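Residue numbers (our numbering): 602 to 1225.
Heads up, the beta-carbon is just placed ideally off N, CA and C, and yes, glycines get one too.
These figures come from a predicted structure and were not determined experimentally.
Below: one structure, written as structure tokens.
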């Protein structure tokens, strides 16, 4: 009876967990939203997008805005692509995604090619830019690699097969094959292919140069076996090819003839991470086992080391040579050195946050701009004098690159632990004990029947004892059966809990990987020639906080904020600015409470919930 009650209670609690539902609203009040909205210009349009997330937003031309949508569910499946009239918000066409993960591979003035990745294959889907009509599709096994050549409107697919690397070119206009070339190799691993100046450089155990118009092999570097190329991407300039092999040898080849011009050995203790070619210098960045980060300047003429430096911070920025100075940065510090000698000119400590984000440097007249995730600063490029500095706040706790880098490894360890979960075995032990006691009860009952049938003097005592033991073991067997059911219920609950937690952890890992990619995509597109923008949390009080877009002039440092939505979950990261027309395209809930509606109920592993539906908002703005 108790076991039956325990099962009923457990199933009731489980049903409450599985079928409970939450409604999620903003903490900011409608009154405060309306008050803040009065200072903004009237929106051009507000297109409903439900509870979906964005994975792509780009202006195709003056009148076309492309959106890639994904479901805001634990699976984060690609949902659809749509082409929007950027002036009116009208949907020109919408393409529904099939299974798989989609991304934009190529966009021209007449068509768009989407890349669809599944477990066993990769597909390219070409759509008409004006109508969304399917023009062509090509499918490949998932062991193929692909590189895009926009100038000639082709893409090259490549794969390692037995003793050969197969390269093939496909037209992006019509999906037709243009040529196929086989390159003999003994490596039998997936090659690395780099496109430059109308040539395909194919790296395996040798280097082969292929003309991408004809597929003809033009140069074979095979006279010298280079060894396995390191994961470090080779560097190319107008006449040279630089690469590091697995033995830490840095080599310089003629790009046209394949001749080895020089070779030098990098420090054995250093793992190279980046090659950057400038006018007269090749810069090698790397890390050693003592967590020192190296920057080495190598003469492109003869391969001799001109100077080297060690830093305690990873150098994550681009490198810029300007007026005999070299500028580079970690995520926290800006450095300027003499490009010829490496002599320090200045270094400026800027921040202690955002240590994982790749910093961008930009020279603008007599100033150098440091563009980080949450910090933007401008300095005199000759003296290092601070001109301006701005800080930004993440709009959600998950939308911070450094925080994501810290939490992802922990989530992956938690997932591994949950997936390796084993129950205590108590139910099985109780079941085994029940079988043992039942067996003993049957044996003693058999003895009782045997003794009773003999009817000899003195045997009655043995018969009674056998009957007593049979009843005792039978009672113990019934007790163990009850324990077995109770333990089974508990272990089922534990297993279900572990399963739900594992599913929730998997969903969180997918979500955080989505956040990482989105931050990089959005922040890369946020940098223009004269301006940069960042999503920024404007906090006044708990019931009065907003997602804004902060637009900063890179030269003067002038900053202007535009409130676009009350802060709500992770919405508000995706923004796009058309500076020419003076429009911010924003994905969020908008500033009109009359339009707020709850979405349909959807489930994450532990709960069902509804959230406020989102919009694509076109907000006019002026930086002046």
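Would you tell me roughly how many angstroms separate the C-alpha atoms of residue 960 and residue 1220, rounded to the nearest one? Their Cα atoms are separated by approximately 28 Å.
Measure the alpha-carbon distance for residue 906 versus residue 899 and round it to whole angstroms. The straight-line gap from Cα to Cα measures roughly 4 Å.
Classification of residue 656 by the beta-carbon crowding that lies within 10 angstroms, buried from 16 upward: Buried.
For the 8 Å Cβ check, are there 3 or more pairs between the stretch 1126-1137 and the stretch 1194-1202? Touching, no.
Please state whether DSSP places residue 996 in a helix, a strand or coil. Coil, per DSSP.
Are the stretch 1184-1195 and the stretch 1143-1163 in contact at 8 Å, needing three or more beta carbon pairs? With the cut-off at 8 Å, the stretch 1184-1195 and the stretch 1143-1163 touch.
So, with DSSP's three-state summary, where would you put residue 1125? Three-state result, residue 1125: helix.
Give the DSSP-derived three-state secondary structure of residue 1141 in the structure shown. In the structure shown, residue 1141 sits in a strand (DSSP, three-state: E or B).
Among 927, 708, 725, 1120, whose alpha-carbon lies nearest the alpha-carbon of residue 716? Residue 725 is the option with its Cα nearest to residue 716.
Can you tell me where the beta strand (DSSP E) with residue 638 in it begins and where it stops? No beta strand (DSSP E) holds residue 638; the alpha helix (DSSP H) holding it covers 631-638.
Please report the residue range of the beta strand (DSSP E) in which residue 747 lies. 746-750 is the extent of the beta strand (DSSP E) around residue 747.
Give a single yes or no on whether residue 701 has its beta carbon closer than 7 Å to a heavy atom of the ligand COA. Judged by which ligands are present, the structure shown has none, so any question about the ligand COA falls away.
My output table needs one value for residue 958: the three-state DSSP class, helix, strand or coil. Residue state, collapsed to three classes: coil.
Buried or exposed, going by whether 16 or more other CB atoms sit within 10 Å of the CB of residue 639? Taking a 10 Å sphere around the C-beta of residue 639, we find fewer than 16 other C-beta atoms and assign the residue as exposed.
Span separating the alpha-carbon of residue 805 from that of residue 770: Taking the straight line from one Cα to the other gives about 19 Å.
What does DSSP give as the partner residue(s) for residue 865 in the beta ladder? Beta-bridge pairing links residue 865 to 851.
Nearest-angstrom Cα distance between residue 950 and residue 927? Using only the alpha carbons, I get a separation of about 17 Å.
Identify every residue that forms a DSSP beta bridge with residue 741. According to DSSP, residue 741 bridges with 723.
By the 10 Å Cβ neighbour count, where 16 or more other Cβ atoms means buried, how is residue 953 classified, buried or exposed? Residue 953 should be labelled exposed.
Can you check which of these residues, 768, 1156, 997, is closest to residue 817 by C-alpha distance? The candidate whose alpha carbon is nearest that of residue 817 is 768.
Terminal residues of the continuous beta strand (DSSP E) containing residue 908? For residue 908, the uninterrupted beta strand (DSSP E) segment begins and ends at 906-912.
Check whether the Cβ atoms of residue 916 and residue 896 sit closer than 8 Å, and answer yes or no. Yes, the pair counts as a contact, with Cβ atoms nearer than the cut-off.
What separation, rounded to the nearest whole angstrom, lies between the Cα atoms of residue 1181 and residue 1113? Spanning the two alpha carbons is a distance of roughly 33 Å.
Compute the distance between the beta-carbons of residue 921 and residue 1138, then report whether it is under 8 Å. Contact flag unset, no.
Going by DSSP, which residues form a beta bridge with residue 928? Looking at the DSSP output, residue 928 shares a beta bridge with 921, 937.
Endpoints, beta strand (DSSP E) assigned at residue 693: In the DSSP assignment, residue 693 falls within the beta strand (DSSP E) that extends over 692-697.
To the nearest angstrom, how far is the alpha carbon of residue 658 from that of residue 796? If I take the Cα positions, the gap works out to 26 Å.
From the DSSP secondary-structure annotation, give me the bridge partner or partners of residue 820. Residue pairing from DSSP places residue 820 in a beta bridge opposite 810.
Apply the 10 Å Cβ neighbour rule to residue 1135 and answer buried if 16 or more other Cβ atoms are within range, or exposed otherwise. Buried, since its Cβ has 16 or more Cβ neighbours within 10 Å.
Under a Cβ-count criterion, where at least 16 other Cβ atoms within 10 Å of its own Cβ denotes burial, should residue 998 be classed as buried or exposed? Flag for residue 998 reads exposed.
With 16 as the cutoff for other CB atoms within 10 Å, does residue 625 come out buried or exposed? Residue 625 should be labelled exposed.
Span of the beta strand (DSSP E), counted from its first residue to its last, around residue 946: From DSSP, the beta strand (DSSP E) with residue 946 extends over 945-950.
Which of the three DSSP states is assigned to residue 1120 in this structure? In the structure shown, residue 1120 sits in a helix (DSSP, three-state: H, G or I).
For the pair the stretch 694-713 and the stretch 660-668, tell me if three or more CB-CB distances fall below 8 Å. Touching, yes, given that three or more Cβ pairs across the two stretches are closer than 8 Å.
In chain order, what residues of the same chain lie with their CB nearer than 7 Å to the CB of residue 718, ignoring the 5 residues before and after it? Taking residue 718 as the centre and dropping the five residues before and after it, the same chain places the C-beta of 701, 702 closer than 7 Å to its C-beta, in chain order.
Between which two residues does the beta strand (DSSP E) harbouring residue 780 extend? 778-785 is the span of the beta strand (DSSP E), which, as asked, contains residue 780.
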